[in-house]
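Asks: In the UniProt record's numbering, the protein residues as written are 1 to 155. Don't be surprised by glycine CBs; every beta carbon is placed ideally from N, CA and C. Before we start, here is the structure in question, set down as structure tokens.
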Amino acid sequence: MLSHAKLPKSFWGEAMKTAVAMINLSPSVPLDFDVPNRVWNGKDVSYAHLRVFGCRAFIHVPKDERSKLDSKTKQCIFLGSEDDEFGYRLWDPKEKKISLILLFHLIQIQYLRGDLQNDDNDGFLNEPLVGDPESANDDIDVIPEQVMQEAPDEP
């Protein structure tokens with residue numbers, strides 16, 4: 001998960017927490033293909049809260065925390081859902097902290113470049129990774145930048 005998301009080793013705890021949550025939501029052979037969370041809690045499980053670990057997320061910046069010309073959103077990295085399934089854990093690379101967020105917008109096909117120490121840019125890939133179009137959000141149109149090349153001079 002860390003390799004796929006291009007996150008440093010310092011996020012191994014978050015990756016482990018998300019991996020354990022995925023295992024507990026998967027059918028288990030010792031439980032006769034029942035889901036561990038259903039057996040433990042006695043309630044049906046929901047898969048609606050699942051998102052791609054390490055992908056790009058945007059959170060809203062409240063009006064009182066920004067000026068009129070500042071951006072209304074802040075880019076973060078999705079780390080996983082909380083145990084209660086009502087909140088999500090997002091890493092803010094600029095403030096270097098994890099926040100519990102209820103609402104955000106997610107782009108599940110974009111990841112970090114892999115260098116969180118570089119302050120020259122926001123750390124995200126500028127173009128989406130080629131992926132399964134089924135896994136992307138349907139409400140987001142990602143249009144890659146077109147590159148124009150000059151024709152060579154004729155001799």
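Straight-line CA distance for Val29 to Lys63?
Replies: Here the question's residue 29 lines up with position 29 in the sequence shown. Here the question's residue 63 lines up with position 63 in the sequence shown. Looking at the two C-alpha atoms, the distance is approximately 50 angstroms.
Asks: As an exercise, report each continuous alpha helix (DSSP H) stretch of at least 4 residues that is fully enclosed by the UniProt domain "Retroviral polymerase SH3-like" (55-98), in chain order.
Replies: Qualifying alpha helix (DSSP H) stretches: none in this window.
Asks: Around the Cβ of Ile77, are there at least 16 other Cβ atoms within 10 angstroms (buried) or fewer (exposed)?
Replies: Walking along the sequence shown from the start, residue 77 turns up at place 77. Answer is buried; the Cβ neighbour count reaches 16.
Asks: Just how far apart, CA to CA, sit Ser10 and Ala57?
Replies: Translated into the one-based positions of the sequence shown, residue 10 becomes position 10. Translated into the one-based positions of the sequence shown, residue 57 becomes position 57. Spanning the two alpha carbons is a distance of roughly 19 angstroms.
Asks: In whole angstroms, what separates the C-alpha of Arg66 from that of Ile101?
Replies: Sequence index remark: in the sequence shown, residue 66 carries index 66 (1-based). Sequence index remark: in the sequence shown, residue 101 carries index 101 (1-based). Rounded to whole angstroms, Arg66 to Ile101 spans 18 angstroms at the Cα level.
Asks: Measuring CA to CA, which of Phe33, Val61, Asn24 and Lys68 is closest to Tyr47?
Replies: The count along the sequence shown starts at 1 and reaches residue 47 at position 47. Closest option to Tyr47, Cα to Cα, is Asn24.
Asks: Helix, strand or coil for Leu100 per DSSP?
Replies: Counted from its first residue, the sequence shown places residue 100 at position 100. The answer is strand: DSSP assigns Leu100 an E or B state.
Asks: Report the option in Phe53, Cys55 and Asp70 whose CA atom is closest to the CA atom of Val61.
Replies: Position 61 of the sequence shown, counted from the first residue, corresponds to residue 61. Checking every option, the nearest Cα to that of Val61 belongs to Asp70.
Asks: When you compare each of His49, Lys72 and Val35 to Lys43 by their alpha carbons, which one comes out closest?
Replies: In the sequence shown, the residue the question calls residue 43 occupies position 43. Taking only the C-alpha atoms, the option nearest Lys43 is Val35.
Asks: Please report the distance separating the alpha-carbon of Arg38 from that of Val45.
Replies: Numbered from 1 along the sequence shown, position 38 holds the residue referred to as residue 38. Numbered from 1 along the sequence shown, position 45 holds the residue referred to as residue 45. Between Arg38 and Val45, the C-alpha separation is close to 6 angstroms.
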